[in-house]
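**Student:**
Numbering (the working numbering), first residue to last: 189 to 385.
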């Protein structure tokens with residue numbers, strides 16, 4: 189029984205952590221080595237000139253102010269929308285930016301077509317303006333004649349028509365829900381980019 193306990197005690201003494209090494213290979217003599225920590229005494233702090241310390245603090249302060257200014261400048265900038273921007277691969281593609289040289293005759297024909305189109309649009313715009321002027325003049329003339337005939341009819345004619353606005357309707361304003369319908373939760377995957385400045 190004593191040998192059993194002795195083996196247990198000796199076995200415990202032999203088991204050591206990995207950071208501690210036994211010197212002897214026989215039964216433990218309890219002479220051990222610790223790992224080298226490579227420590228050295230602390231260095232003395234150098235006394236710095238107060239002017240140099242002040243310059244360093246000034247540089248740090250200016251750097252922080254510059255970063256704040258940059259952030260304020262970028263705060264007005266909107267986040268880019270990928271769908272509205274042309275990818276750089278397309279812009280840099282030399283085949284897309286081919287310059288086609290046109291003959292002098294083709295340039296002249298295009299210029300003539302552009303001039304004819306401009307003249308046509310100008311005539312169309314003038315016709316529209318003249319038509320609106322005629323309509324407004326006829327309306328004002330009819331109102332003036334009506335005013336001479338009867339003041340009551342004139343007041344009724346210029347009165348606001350409440351039947352036009354606002355629009356009213358009878359009936360449900362929303363689609364009624366389906367009875368006993370268990371709506372699925374669905375999945376939502378947020379793929380939006382996170383922008384940090």
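Where is the CB? At the ideal position from N, CA and C, for every residue including glycine.
Using only the alpha-carbon positions, how far apart do residue 223 and residue 229 sit?
**Tutor:** One-based indexing of the chain shown puts residue 223 at position 35. One-based indexing of the chain shown puts residue 229 at position 41. C-alpha separation (whole angstroms): 18 Å.
**Student:** Under DSSP, the alpha helix (DSSP H) around residue 376 begins and ends at which residues?
**Tutor:** Taking the chain shown and counting its residues from 1, one reaches residue 376 at position 188. First-last for residue 376: undefined, no H or E at that position.
**Student:** DSSP three-state call for residue 279: helix, strand or coil?
**Tutor:** Here residue 279 is taken as the residue at index 91 of the chain shown, counted from 1. Helix.
**Student:** Going by the beta-carbon positions, is the gap between residue 342 and residue 335 smaller than 8 Å?
**Tutor:** As a first step, residue 342 is located in the chain shown; it is residue number 154 there, counting from the start. As a first step, residue 335 is located in the chain shown; it is residue number 147 there, counting from the start. Yes, the Cβ-Cβ distance between residue 342 and residue 335 is below 8 Å.
**Student:** Quick check on the DSSP output: the alpha helix (DSSP H) that includes residue 312 runs from which residue to which?
**Tutor:** Here residue 312 is taken as the residue at index 124 of the chain shown, counted from 1. Taken as a continuous stretch (DSSP letters only), the alpha helix (DSSP H) holding residue 312 covers 292 to 337.
**Student:** With DSSP as the reference, label residue 372 as helix, strand or coil.
**Tutor:** In the chain shown, the residue the question calls residue 372 occupies position 184. In the structure shown, residue 372 sits in coil (DSSP, three-state: anything other than H, G, I, E or B).
**Student:** Return helix, strand or coil for residue 248, following the three-state DSSP convention.
**Tutor:** By 1-based counting over the chain shown, the position of residue 248 is 60. Looking at residue 248 - three-state DSSP - the assignment turns out to be helix.
**Student:** Find the nearest neighbour of residue 381 within the set 267, 274, 301, 253, judged by alpha-carbon distance.
**Tutor:** Here the question's residue 381 lines up with position 193 in the chain shown. If we check each option's Cα against that of residue 381, 267 comes out closest.
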